[in-house]
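Q: Chains as they are written, first to last, in my numbering: chain A, 181 to 301; chain B, 181 to 301; chain C, 181 to 301; chain D, 181 to 301.
For every residue, glycine included, the Cβ atom is placed at its ideal position computed from N, Cα and C.
These figures come from a predicted structure and were not determined experimentally.
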């Protein structure tokens, strides 16, 4: 999470960063000063989504578009499934050990912060 | 369900398989080792959906696309309606006796496992 | 689960039996013929509760009474917390590996079936 | 939060610690290693409750008992209201600036960790 925060500061985008364990349960969450309220839930739910589906929220988002194979997936799990960039599974020895979720900026900025957190992991 | 599990093992895809009764209520569920967490709810809800709408989730999905007749159906029932393949009603003597729902692989794999379960029924 | 089913048959009480993993996620569920519909959710949620709180639902129930230390706990987790007997954590080497939840009979009968499943584990 | 974690380590109780802002929105959350799953939501919701009601969850709990003035309050807000100890409002210059919520041990332990976090604030 520190690596993610550093990256967020570097690009000047206050973010929410969340980490979940292998059971998709919250381990830690931080909201940086100035981040919008709507991003709290997105960060936590992006981490949840990436863990539950073992892929980035961005990849899931491609399959979740109208006419794509998983269209409608975003309606499931009481609306906790996020299908835009910012969630990345934390893979260790071919297993999903958890996931990180980032929200606060554009999806490109969120992805960049999530990748920094992932790289540190 | 045993037939579904056999098919899932045959194609090497750990799945969740769920069966509901004529009232769309869960009768049994099994998660095979190694299946992703997000598929638990999908299997159960695919079975629910197929029973409630008396058609495969795949067929409902065609009608649930933007501009199609039932667009928005996936928002109903607290998000329990699934509109991609893997749910099949169990029809007996022209009546829906229940349904099976499968989730774990691609939608093609899920359909294949559901069809194996259906065939055994 | 087979041990639980045997016990349930022995005492003539059709039950729902559910098992969750260490993350409180459903691994398997079975509803025996003749069990009431309300017990499906209870069995699954008793297993969830016992895993999440690392104790039997009966023990949690003692603390969840009016004026007891955890009064109000049953309102949390979107109402998934069950505070009457039938849920038991599956402890292995001092860690909670999951839990079993049983519902269908009186709380004494549910406890008895859960204990049989626990003993087999 | 660091002060809370120190206190939790001192008494040997792995806790969840959450902080919300004056709008009752999550600012940060940490789950210490070994804490039970059920405590994630409790910590966050205790902080929410203390901020929303401008008092400790323990004080609210006294009013939330059967026959007390606010009996039923724990049913409100989609079950997010917690009425046992562990949530304390963070008061600054007579205004509620936010709240801290702690869950993981007995209510006495949770209160102790929350008070340590409050004192540091």
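Find the residues of chain A that neighbour residue 234 (chain D), judging by a C-beta separation of less than 9 Å, and give them in chain order.
A: Within chain A, no residue comes near residue 234 (chain D); the closest Cβ sits about 20 Å away, beyond 9 Å.
Q: Distance cutoff 8 Å, beta carbons only. Does residue 217 (chain D) sit that close to anything in chain A?
A: Closer than 8 Å to some Cβ of chain A, the Cβ of residue 217 (chain D) qualifies, so yes.
Q: What residues match up with residue 209 (chain A) in a beta bridge as DSSP calls it?
A: DSSP output for residue 209 (chain A) lists A:198 and D:209 as bridge partner(s).
Q: Hey, does residue 250 (chain C) have any beta-carbon neighbour from chain D nearer than 8 Å?
A: Answer yes: the Cβ-Cβ gap between residue 250 (chain C) and chain D drops below 8 Å somewhere.
Q: For the 8 Å Cβ check, are there 3 or more pairs between the stretch 187-207 of chain D and the stretch 244-254 of chain C?
A: No, they do not touch.
Q: Closest to residue 268 (chain B) by CA distance: which of B:289, B:234 and B:207 is it?
A: Residue B:234 is the option with its Cα nearest to residue 268 (chain B).
Q: On the three-state DSSP scale, how would you describe residue 191 (chain A)?
A: DSSP places residue 191 (chain A) in coil when its eight states are reduced to three.
Q: Taking only the alpha-carbon atoms, compute the straight-line gap between residue 274 (chain A) and residue 220 (chain A) and give it to the nearest angstrom.
A: Taking the straight line from one Cα to the other gives about 29 Å.
Q: Could you check how far apart the C-beta atoms of residue 281 (chain A) and residue 227 (chain A) are, in whole angstroms? I think they sit under 8 Å.
A: Sure, about 3 Å apart at Cβ, within 8 Å.
Q: Flag residue 202 (chain C) as yes if its beta-carbon sits less than 8 Å from any beta-carbon of chain A, otherwise no.
A: Yes, its Cβ sits closer than 8 Å to a Cβ of chain A.
Q: Quick check on residue 225 (chain D) - is its C-beta less than 8 Å from some C-beta in chain F?
A: You won't find chain F in this structure, because its protein chains are A, B, C and D.
Q: Flag residue 196 (chain B) as yes if its beta-carbon sits less than 8 Å from any beta-carbon of chain A, otherwise no.
A: No, its Cβ sits nowhere closer than 8 Å to a Cβ of chain A.
Q: Is the CB-CB distance between residue 278 (chain C) and residue 199 (chain C) below 8 Å?
A: Going by C-beta atoms, residue 278 (chain C) is nearer than 8 Å to residue 199 (chain C).
Q: Residues of chain B with CB under 7 Å from residue 207 (chain C), in chain order?
A: Those are 211, listed as they occur along chain B.
Q: Would you kindly work out how many angstroms separate the C-alpha atoms of residue 183 (chain D) and residue 299 (chain D), rounded to a whole number?
A: Approximately 8 Å between the Cα atoms of the pair.
Q: Can you tell me whether DSSP reads residue 262 (chain A) as helix, strand or coil?
A: Of the three classes helix, strand and coil, the one that applies to residue 262 (chain A) here is coil, per DSSP.
Q: At a Cβ threshold of 8 Å, is residue 191 (chain B) touching chain C?
A: With 8 Å as the cut-off, residue 191 (chain B) does not count as an interface residue toward chain C.
Q: Skipping 5 residues on each side, what residues in its chain have a beta carbon closer than 6 Å to that of residue 240 (chain D)?
A: Result list for residue 240 (chain D): 233 and 263, in chain order.
Q: Quickly, what does DSSP pair residue 270 (chain D) with across the bridge? List them, please.
A: DSSP output for residue 270 (chain D) lists D:278 as bridge partner(s).
Q: Around the Cβ of residue 205 (chain A), are there at least 16 other Cβ atoms within 10 angstroms (buried) or fewer (exposed)?
A: Residue 205 (chain A) should be labelled buried.
Q: Would you mind reading off the limits of the alpha helix (DSSP H) that contains residue 240 (chain B)?
A: Taken as a continuous stretch (DSSP letters only), the alpha helix (DSSP H) holding residue 240 (chain B) covers 237-243.
Q: In whole angstroms, what separates the C-alpha of residue 237 (chain C) from that of residue 265 (chain C)?
A: Residue 237 (chain C) and residue 265 (chain C): Cα-Cα distance of roughly 5 Å.
Q: Look up residue 283 (chain A) in the DSSP assignment and say whether it is helix, strand or coil.
A: Note: residue 283 (chain A) maps to strand in three-state DSSP.
Q: Which whole-angstrom value describes the C-beta separation of residue 296 (chain A) and residue 215 (chain A), a residue pair presumed to lie in contact below a C-beta threshold of 8 Å?
A: Not really, about 16 Å apart at Cβ, beyond 8 Å.
Q: So what does DSSP say about residue 251 (chain B), is it helix, strand or coil?
A: Coil at residue 251 (chain B), not helix or strand.
Q: Identify the contact partners of residue 214 (chain A) in chain B, using a Cβ-Cβ distance below 7 Å as the criterion.
A: Near residue 214 (chain A) there are no residues of chain B at all, since even the closest Cβ is about 32 Å away, more than 7 Å.
Q: First and last residue of the alpha helix (DSSP H) that includes residue 203 (chain D)?
A: Looking at the DSSP string, residue 203 (chain D) is not in any alpha helix (DSSP H), and its letter there is neither H nor E.
Q: Grab the span of the alpha helix (DSSP H) containing residue 215 (chain B) for me, first residue to last.
A: Counting along the chain, residue 215 (chain B) falls outside any alpha helix (DSSP H), and DSSP gives it neither H nor E.
Q: Would you decide whether residue 285 (chain A) is buried or exposed? Buried here means 16 or more other CB atoms lie within 10 Å of its CB.
A: It is buried - the Cβ of residue 285 (chain A) has at least 16 other Cβ atoms within 10 Å.
Q: Quick one, which of C:288, C:244 and C:194 has its alpha-carbon nearest residue 261 (chain C)'s?
A: The shortest Cα separation from residue 261 (chain C) among C:288, C:244 and C:194 belongs to C:244.
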